[in-house]
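Number of protein chains: 2
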Amino acid sequence: MEQRHAAVLKAAGMKATPKRLAILELLEAESGYASPEELWKTLKGRFDRLGLPTVYRNLEELSESGVLTKVIHPNRQLYYYFCSNPEHHHHFVCLSCRKVEDIPSCGIDALEREVSIRNGGKVLSHILQLNGLCGGCAKKGEMA
Amino acid sequence: MEQRHAAVLKAAGMKATPKRLAILELLEAESGYASPEELWKTLKGRFDRLGLPTVYRNLEELSESGVLTKVIHPNRQLYYYFCSNPEHHHHFVCLSCRKVEDIPSCGIDALEREVSIRNGGKVLSHILQLNGLCGGCAKKGEMA
DNA sequence: CTCTAAATAGAAATGATTTCGTTTTAAAAT
DNA sequence: ATTTTAAAACGAAATCATTTCTATTTAGAG
Ligand SMILES: [Mn+2]
Ligand SMILES: [Mn+2]
Ligand SMILES: [Zn+2]
Ligand SMILES: [Zn+2]
Chain A
501 MEQRHAAVLK
511 AAGMKATPKR
521 LAILELLEAE
531 SGYASPEELW
541 KTLKGRFDRL
551 GLPTVYRNLE
561 ELSESGVLTK
571 VIHPNRQLYY
581 YFCSNPEHHH
591 HFVCLSCRKV
601 EDIPSCGIDA
611 LEREVSIRNG
621 GKVLSHILQL
631 NGLCGGCAKK
641 GEMA
Chain B
501 MEQRHAAVLK
511 AAGMKATPKR
521 LAILELLEAE
531 SGYASPEELW
541 KTLKGRFDRL
551 GLPTVYRNLE
561 ELSESGVLTK
571 VIHPNRQLYY
581 YFCSNPEHHH
591 HFVCLSCRKV
601 EDIPSCGIDA
611 LEREVSIRNG
621 GKVLSHILQL
631 NGLCGGCAKK
641 GEMA
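Below you can see the structure in the form of structure tokens.
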């Protein structure tokens, strides 16, 4: 499993450092998204030294190379999620327990075409995210 | 036109203050989205006193009552846009000139149903935004 | 016109995120 | 195995967009 992550990092042109591997392992084990500070608090015990800026930097780099996914949260803080699904897809994120579920298909290809054709514009990226309560949390009716 | 905005504010349960009306007029005249500080710099000359926190507060309140639309920007700063289209729809935002164009339809209703049925979750909100370059900017090939 | 809850001012605080100069390290090259 | 070096990490300090707080003003109901 460590090999797998090391290969992913190598493929992304990034050095396979112990801290990066630890971040990936922790995030993969999580069922949901996590904040830089939360990851730092969990991981700093496993290293002699681990700076919060290092966690921020790595999460951002991993997100840019597509290894991690950024979550857009109403509170405007940064959250990241590990998703191994290589297909283009989007996410349903629970605002209560932070679970993330895949949304397999989106009609965005069609929308992109429409924008191009109608206005001559060029779509560089898109954001599609459903926010809500997962099955478990919806039952409990809680907002943690 | 001032009457129209006053009515909108009243309908939203908000007092029609001169500053709120000025914010709405300015944003309606804009073809694109604007930041709180930009609006403040433009408007503070028109009032004896106008605090930046007031602009922030009003933009947020107007956004919460649905009068304005928040733009999700990669630089993580706040931007707001005035859109008078009352139908449910989404936006294509130009990262260069900040123009905003309506996206009339989205397949999100279907996705919401799918999430509910498949996992028993409850979709509380969704984000769909296309980022890119509008027709004009795509031609120029510029990123301001 | 009076009254009051809502809105605003403005200075100060906040705090998540980033920067910077230095030190350490992964991994390529010998 | 050792050397080399560009990348990564440190961590204290800075940044700066956004929010908070208390006193003051005002929109609009009665
Ligand atoms: Mn996924
Ligand atoms: Mn619109
Ligand atoms: Zn949940
Ligand atoms: Zn444009």
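If you're matching them up, the sequences are chains A and B in order.
Start counting the first sequence at 501; every next residue gets the next number (my numbering).
Start counting the second sequence at 501; every next residue gets the next number (my numbering).
We put the CB at the ideal spot given by N, CA and C, even for glycine.
What in chain B is Cβ-close to residue i, meaning under 7 Å?
i, result
"A:Ile-572", "Ile-572, Ile-627"
"A:Ile-619", "The displayed chain sequence assigns Asn, not Ile, to residue 619 of chain A. Ordered by position in chain B, the residues that pass the 7 Å Cβ test against A:Asn-619 are Glu-601, Cys-634, Gly-635."
"A:Ala-638", "Gly-620, Gly-621, Lys-622"
Quick one: list the residues of chain A neighbouring residue i, beta-carbon separation under 9 Å, in chain order.
i, result
"B:Asn-631", "Val-623, Leu-624, Ser-625, His-626, Ile-627"
"B:Ile-603", "Leu-611, Glu-614, Val-615"
"B:Phe-547", "Here the premise fails: no neighbours, minimum Cβ distance about 28 Å."
Should residue i go down as buried or exposed, given a rule of 16 or more other Cβ atoms within 10 Å for buried?
i, result
"B:Lys-639", "exposed"
"A:His-591", "buried"
"B:Pro-536", "buried"
"A:Ala-511", "exposed"
"B:Ser-596", "buried"
"B:Glu-502", "exposed"
"A:Arg-598", "buried"
"B:His-626", "buried"
"A:His-588", "exposed"
"A:Phe-582", "buried"
"B:Ile-617", "exposed"
"B:Asn-558", "buried"
"A:Arg-520", "buried"
In whole angstroms, what is the alpha-carbon distance linking residue i and residue j?
i, j, result
"A:Leu-549", "A:Trp-540", "Before going further, note that residue 549 of chain A is Arg rather than Leu in the sequence given. The alpha-carbon atoms of A:Arg-549 and A:Trp-540 are separated by roughly 11 Å."
"A:Val-593", "A:Gly-632", "6 Å"
"A:Glu-564", "A:Gly-513", "12 Å"
"A:Leu-600", "A:Gly-635", "For the sequence presented, residue 600 of chain A should be read as Val rather than Leu. The straight-line gap from Cα to Cα measures roughly 11 Å."
"B:Gln-577", "A:Pro-586", "30 Å"
"A:Gly-551", "B:Glu-538", "35 Å"
"A:Cys-637", "B:Gly-621", "8 Å"
"B:Val-508", "B:Leu-562", "10 Å"
"B:Leu-628", "B:Tyr-556", "24 Å"
"A:Ile-523", "A:Asp-602", "21 Å"
"A:Val-623", "B:Tyr-533", "17 Å"
"B:Met-643", "A:Gly-545", "At B:Met-643, the pLDDT of 41 sits below 50, so the modelled position is not reliable and the matter cannot be decided from this model."
"B:Ala-529", "A:Val-571", "32 Å"
"A:Ser-584", "B:Glu-614", "21 Å"
"B:Leu-526", "B:Gly-566", "17 Å"
"A:Asp-609", "A:Pro-518", "38 Å"
"B:Ala-516", "B:Ala-506", "5 Å"
"B:Leu-568", "A:Arg-504", "46 Å"
"B:Thr-554", "A:Glu-560", "33 Å"
According to DSSP, which residues form a beta bridge with residue i?
i, result
"B:His-588", "Its beta-bridge partners do not exist; DSSP assigns none."
"B:Leu-530", "Note on identity: in this sequence residue 530 of chain B is Glu, with Leu being the wrong assignment. DSSP output for B:Glu-530 lists no bridge partner at all."
"A:Tyr-556", "None, per the DSSP bridge assignment."
"A:Cys-637", "Bridge partners of A:Cys-637: none, in fact."
"A:Thr-569", "A:Tyr-581"
"A:Ile-603", "A:His-590"
"B:Gln-629", "A:Ile-627, B:His-591"
Could you work out which residues of chain B lie near residue i, taking near to mean beta carbons separated by less than 9 Å?
i, result
"A:Cys-597", "In chain order: nothing, as chain B lies at least about 11 Å away."
Could you tell me which chain B residues have their CB closer than 8 Å to the CB of residue i, listed as they occur along the chain?
i, result
"A:Ala-534", "None at all; the shortest Cβ gap to chain B is about 18 Å."
For a test of your reading of the model: does the CB of residue i fall under 8 Å from any non-hydrogen atom of ligand 6? Yes or no.
i, result
"A:Val-508", "Because ligand 6 does not appear in the structure shown, any question about it cannot be addressed here, the ligands present being ligand 1, ligand 2, ligand 3 and ligand 4."
Legend entry - Proximal residues, the segment 551-583 of chain B versus chain A, C-beta separation under 9 Å: Ile-572, Pro-574, Arg-576, Leu-578
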